[in-house]
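Read left to right, the sequence shown gives residues 22 to 162 (our numbering). What follows is a set of notes on a single structure, which appears directly below.
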Amino acid sequence: MLFLTPGYEKRVRGKFGLDEIDLTDDDINNPKFPELAEKTVVKRVPMYASITDEVELFYLEEAAINYICYKLCPSLPRRLNIEVKTLDTTWKKEKIDWAKLAEYFLGEFESALGNIESVEVAGGSPDIAGVIVHEYDPIGG
Numbered sequence: 022m023l024f025l026t027p028g029y030e031k032r033v034r035g036k037f038g039l040d041e042i043d044l045t046d047d048d049i050n051n052p053k054f055p056e057l058a059e060k061t062v063v064k065r066v067p068m069y070a071s072i073t074d075e076v077e078l079f080y081l082e083e084a085a086i087n088y089i090c091y092k093l094c095p096s097l098p099r100r101l102n103i104e105v106k107t108l109d110t111t112w113k114k115e116k117i118d119w120a121k122l123a124e125y126f127l128g129e130f131e132s133a134l135g136n137i138e139s140v141e142v143a144g145g146s147p148d149i150a151g152v153i154v155h156e157y158d159p160i161g162g
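Right under this line is the structure:
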């Protein structure tokens with residue numbers, strides 16, 4: 022790890038409001054999300070190693086955590102149980118618009134990078150998910 026500190030998985034779960042049963046450390050680390058997040062941040066902040074300000078180091082890590090969350094969003098609907106039934110209890114979790122939540126995390130990623138001022142931060146290119154925002158009527162509707 023370049024700048025993610027031990028225990029970052031707990032912060033990722035906290036952003037989603039999930040516990041380790043719903044989102045394990047292996048889920049967070051499995052497809053190499055942390056490495057991708059760090060490399061994406063480094064691409065935007067090539068001089069990250071020269072940052073000494075503790076607040077800016079926090080924002081550097083915060084950007085990576087938000088990017089991990091952004092990348093996890095598409096897979097979470099398949100991982101999480103929406104409805105739980107036991108012998109004596111039934112309850113449903115609130116429905117979540119995962120695309121909107123991914124867009125939120127991408128915005129938080131950009132916001133965290135925007136708080137780094139001691140070194141140059143390269144501008145980002147719009148993600149395809151952020152470009153396609155039209156809602157379409159169903160066919161025949």
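C-beta: ideal position from N, C-alpha, C; glycine also. Owing to the predicted nature of the structure, the values given are computational and were not obtained by experimental measurement.
For A84, the enclosing alpha helix (DSSP H) starts and ends at 75 to 93.
Per DSSP, reduced to three states, the secondary structure at A123 is helical. P55 sits close to L25, with the two beta carbons spaced by under 7 Å.
With contact defined as three or more Cβ pairs closer than 8 Å, the stretch 68 to 75 and the stretch 41 to 49 are not in contact. Collapsing the DSSP output to three states places V66 in coil. In the DSSP assignment, N50 falls within the unbroken alpha helix (DSSP H) covering 46 to 50.
Exposed is the label assigned to T107, since fewer than 16 other Cβ atoms lie within 10 Å of its Cβ.
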